[in-house]
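Novice:
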Amino acid sequence: MSEQNFDLVVLGAGSGGYAAALRASQLGLTVGLIEKGKVGGTCLHVGCIPTKALLHAAEVADVTREAAKYGVTASFNGIDIAAVTAYREEIVASKYKGLQGLIKARGITTIEGEGRLTSPTTVQVGDISVTGKNIILATGSYSRSLPGLDIGGRVITSEQALALPFVPQRVAVLGGGVIGVEFSSVWRSWGAEVTIIEALPHLVPNEDESISKSFERAFRKRGIEFKLGVRFQSVTQNDNGVVVTLENGETVEADLLLVAVGRGPSTANLGYEEAGVNMDRGFVLTDERLRTNIPGVWAVGDIVPGLQLAHRGFQQGIFVAEEIAGLNPVVVADVNIPKVTYSDPEVASVGLTEAKAVEQYGADAVSSYDYNLAGNGKSHIIGTSGSVKVVRVKDGPVVGVHMIGARVGELIGEAQLAVNWEAYPEDIAPFIHAHPTQNEALGEAFLAIAGKPLHAI
Ligand SMILES: Cc1cc2nc3c(=O)[nH]c(=O)nc-3n(C[C@H](O)[C@H](O)[C@H](O)COP(=O)(O)OP(=O)(O)OC[C@H]3O[C@@H](n4cnc5c(N)ncnc54)[C@H](O)[C@@H]3O)c2cc1C
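Under this note's numbering, think of the first position of the sequence shown as 51, with each following residue one higher.
1. Just to confirm, is the Cβ distance from Ser-75 to Gly-157 under 8 Å?
2. Between Asn-55 and chain B, is the shortest Cβ-Cβ distance under 8 Å, so that the two count as touching?
3. Once DSSP output is grouped into helix, strand and coil, what is the label at Gln-366?
4. Taking three-plus beta-carbon pairs below 8 Å as touching, is the segment 169–179 in contact with the segment 91–99?
5. Any idea if Glu-266 is buried or exposed, counting beta-carbon neighbours within 10 angstroms, 16 or more meaning buried?
6. Going by beta carbon distance, what residues of the same chain come within less than 6 Å of Ala-268, once the five residues before and after it are set aside?
7. What are the complete beta strand (DSSP E) segments, minimum 3 residues, inside the segment 376–454?
8. Return yes when the C-beta of Ile-246 is under 7 Å from any heavy atom of ligand 1, and no when it is not.
9. Express the C-alpha separation of Leu-497 and Val-205 in angstroms, rounding to a whole number.
10. For Asn-298, which residues in the same chain have their Cβ closer than 6 Å to its Cβ, ignoring the five residues on either side in sequence?
11. Can you tell me the Cα-Cα spacing of Ala-325 and Leu-199, whole angstroms?
12. In whole angstroms, what separates the C-alpha of Lys-271 from that of Lys-444?
13. Run the CB neighbour count on Trp-240, radius 10 Å, all protein chains shown included, and call it buried at 16 or more, exposed below.
14. Going straight from the alpha carbon of Leu-224 to that of Asn-290, what length do you get?
15. With Gly-367 and Ala-63 assumed to form a contact (beta carbons below 8 Å), what rounded beta-carbon distance in angstroms separates them?
16. Who does Gly-182 pair with in a DSSP beta bridge?
17. What residue ranges within the segment 239–266 form continuous beta strand (DSSP E) runs of no fewer than 3 residues, ordered along the chain?
18. Looking only at DSSP bridge pairs, what is Gly-202 linked to?
19. Comparing alpha-carbon positions, which option in Val-451, Asp-258, Glu-373 and Gly-455 lies nearest Tyr-474?
20. With DSSP run on the structure shown, which of helix, strand or coil describes Glu-116?
21. Is it right to say Gly-459 is buried, meaning 16 or more other beta carbons lie within 10 angstroms of its own, or is it exposed?
22. So what's Leu-212 in DSSP terms, helix, strand or just coil?
23. Within 10 angstroms of its Cβ, does Gly-148 collect 16 or more other Cβ (buried), or is it exposed?
24. How is Asp-330 classed by DSSP in three states: helix, strand or coil?
25. Comparing alpha-carbon positions, which option in Val-60, Ile-129, Asn-55 and Pro-215 lies nearest Glu-164?
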């Protein structure tokens, strides 16, 4: 039995945990970072990064198919999945190497192995007792399923979907949220027949309703089928495929069923309850400054109820490190965290939907403007349609921005600044957007909602 002591012990080296470790070491704290798998966690190894590589390969397939439209002679002859895998793996490996180097360069001690909280100041890793004045729980999440729906064989989660050694011909996707539509988009671009099953009335159901509806039109146009407002009942599988039965009696036949119904917190059997940490259905409860009920024990990332996004984990990790160091950082409410749904088309949003703004401020106090990307030169050049919607409080700040179209995820930076800074459209409309960029669409929307549209009525 040996002991290691630090100012800060971080359990889990995913987006939340490693960001906390990096910032804490920058602030002069000694840090022990415990990881049972690979530093970088879900996002780097089986989440954000590898899926975006697949989406890029999907975009290249689409561009190749449409090359003639732009006067380029090319033909799409199919997907070489081994080459896609090599491309995906090379990106992850390179970012993994970079992250390992950074952690080492910051003087952080990485402890490999599975940790268990054994007291408010101790995590046990094998026969090492790792103690800290503060402990951050950052053990992340796993792909959930539904009661009675067993993962295995042709019923897969995103982890297996990422690493499929073939392109399926027909896929059923359970769940029309971010992960479900992301894989649907990839497989459709690669030539598969895709059917999404979503229990709620819309795809991307957390978005502004107008955006969800545009998204459904775009997916329908791409030949992606979906069944909305209907629940999954059961699935059977054999050597040839799966048959999914829905509660309304309909069936969907496919090669595979991807289960994308959300992610549960990875907190079971880690000693949290025994140490007295307040939990709710496996999630670790914190106050807005990410303190658990046990002094000196904090939680960040997907185990904290709310948006499960890598950049929320980064921000929370940085926040707790700064809080421990006494810097009194600013709290960012979940609603003001930017969200991007990566697919074709992309959806990007931040702040209140129009419906929520009306709920909060009253219908008479809210106005919105929807700028159609048809008026944006760069969007026309790259062949995308879509819109940028700005929601404001009348005579008040921008409280929400909701966008759809190719590459709109790249526009969310400016939108999140406007919302988080509570900017008035009148104040930001005079600032200049380079021409021709898709970014101009956001500028046009700010101009229009400030009462002085340029390329719009
Ligand atoms: C397919 C997919 C695509 C995604 N795409 C995006 C995206 O584009 N953008 C985005 O913002 N988010 C995306 N996400 C979500 C994002 O990956 C998560 O929000 C993020 O990884 C959460 O970070 P975390 O630190 O809370 O947990 P994780 O990244 O899950 O890290 C937790 C770490 O803790 C380790 N661990 C767990 N228990 C122990 C233990 N007992 N001892 C030691 N180590 C332990 C795990 O091995 C893991 O490395 C995606 C997720 C998936 C599945």
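Backbone N, C-alpha and C define an ideal beta-carbon position, used for all residues, glycine too.
Specialist: By the coordinates alone:
1. Along the sequence shown, read from residue 1 onward, the residue named residue 75 stands at position 25. Along the sequence shown, read from residue 1 onward, the residue named residue 157 stands at position 107. Note that the C-beta distance between Ser-75 and Gly-157 is below 8 Å.
2. Absent from the structure: chain B. Only one protein chain is present.
3. Here the question's residue 366 lines up with position 316 in the sequence shown. For Gln-366, the three-state secondary structure derived from DSSP is helix.
4. no
5. Residue 266 sits at position 216 when you count from the first residue of the sequence shown. So Glu-266 ends up on the buried side.
6. Numbered from 1 along the sequence shown, position 218 holds the residue referred to as residue 268. Pro-395, listed in sequence order.
7. If we require 3 residues or more, the beta strand (DSSP E) runs fully inside the segment 376–454 come out as 389–391, 396–401, 416–422 and 437–443.
8. Numbered from its first residue, the sequence shown carries residue 246 at position 196. With a cut-off of 7 Å, the C-beta of Ile-246 is classified as distant from ligand 1, since no heavy atom of the ligand falls inside that distance.
9. The residue labelled residue 205 in the question sits at position 155 within the sequence shown. The residue labelled residue 497 in the question sits at position 447 within the sequence shown. Distance from the CA atom of Val-205 to the CA atom of Leu-497, rounded to whole angstroms, is 49 Å.
10. Taking the first residue of the sequence shown as 1, we reach residue 298 at position 248. Hits under 6 Å: Val-280.
11. By 1-based counting over the sequence shown, the position of residue 325 is 275. By 1-based counting over the sequence shown, the position of residue 199 is 149. So the alpha carbons of these two residues sit roughly 32 Å apart.
12. Position 221 of the sequence shown, counted from the first residue, corresponds to residue 271. Position 394 of the sequence shown, counted from the first residue, corresponds to residue 444. Whole-angstrom Cα-Cα distance: 36 Å.
13. Walking along the sequence shown from the start, residue 240 turns up at place 190. Label assigned to Trp-240: buried.
14. Looking up residue 224 in the sequence shown gives position 174. Looking up residue 290 in the sequence shown gives position 240. Rounded to whole angstroms, the separation of the alpha carbons of Asn-290 and Leu-224 is 19 Å.
15. Along the sequence shown, read from residue 1 onward, the residue named residue 367 stands at position 317. Along the sequence shown, read from residue 1 onward, the residue named residue 63 stands at position 13. About 10 Å separates the two Cβ atoms, so there is no contact after all.
16. Here residue 182 is taken as the residue at index 132 of the sequence shown, counted from 1. DSSP output for Gly-182 lists Phe-56 as bridge partner(s).
17. 243–248
18. To locate residue 202, count along the sequence shown from 1; it is residue 152. The partner list for Gly-202 (beta bridge, DSSP) reads Val-205.
19. The count along the sequence shown starts at 1 and reaches residue 474 at position 424. When each option's Cα is compared against that of Tyr-474, the closest is Val-451.
20. Reading the sequence shown from its first residue, position 66 is the one you call residue 116. If DSSP states are grouped into helix, strand and coil, Glu-116 belongs with coil.
21. Numbered from 1 along the sequence shown, position 409 holds the residue referred to as residue 459. Counting Cβ neighbours within 10 Å, Gly-459 comes out buried, since at least 16 surround it.
22. For the purposes of this step, residue 212 is identified with residue 162 of the sequence shown, where counting begins at 1. Residue state, collapsed to three classes: helix.
23. For the purposes of this step, residue 148 is taken as residue 98 along the sequence shown, with counting starting at 1. Residue environment for Gly-148: exposed (fewer than 16 other C-beta atoms within 10 angstroms of its C-beta).
24. If you number the sequence shown from 1, residue 330 lands on position 280. It is a strand residue.
25. By 1-based counting over the sequence shown, the position of residue 164 is 114. Comparing Cα-Cα distances from Glu-164 to each of Val-60, Ile-129, Asn-55 and Pro-215, the minimum goes to Val-60.
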